[in-house]
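**Student:**
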Amino acid sequence: MDRKLALSALAALGQETRLDIFRLLVRAGAVGVPAGEIASRLGVIQNTASAHLKVLSHAGLVRAERDGRVIRYVADMTGFRDLLAFLMEDCCNGSVELCRPVIEAVTCNR
Numbered sequence: 377m378d379r380k381l382a383l384s385a386l387a388a389l390g391q392e393t394r395l396d397i398f399r400l401l402v403r404a405g406a407v408g409v410p411a412g413e414i415a416s417r418l419g420v421i422q423n424t425a426s427a428h429l430k431v432l433s434h435a436g437l438v439r440a441e442r443d444g445r446v447i448r449y450v451a452d453m454t455g456f457r458d459l460l461a462f463l464m465e466d467c468c469n470g471s472v473e474l475c476r477p478v479i480e481a482v483t484c485n486r
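Under the working numbering, think of the first position of the sequence shown as 377, with each following residue one higher.
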């Protein structure tokens, strides 16, 4: 991930509703969540949710998948992984043992 895209992703996540949307989609996993359901679960207007989803999509953090007439959003785990890798690129000056607690905290096998 280049610096410009990392800044875009961090800026996208730096807004409360977008962070809530992203966390909701991460919890949902590969199944994702329909656009209208995202808005209702978070108590936001559909147009507002749509605008936030567009920002997250441009930042490479979510993607839309058509499911018949429904647009379902899923967290783009590759984009998320790339952001984490960018942030940890020079972690602890290469001393893996110092980074291990961070790595363990972000894995599902805690």
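Here a beta-carbon is modelled for each residue, glycine too, at the ideal position from N, C-alpha and C.
(1) Give me the Cα-Cα distance between Thr393 and Ile421, rounded to the nearest whole angstrom.
(2) CA-CA distance, Leu432 and Val438?
(3) Is Glu480 helix, strand or coil by DSSP?
(4) Hey, which unbroken runs of the alpha helix (DSSP H) at 4 residues or more fall wholly within the stretch 451-478?
(5) Check for me: the alpha helix (DSSP H) holding Asp396 runs from which residue to which?
**Tutor:** In short, the structure shows the following:
(1) 11 Å
(2) 6 Å
(3) helix
(4) 453-463
(5) 392-404
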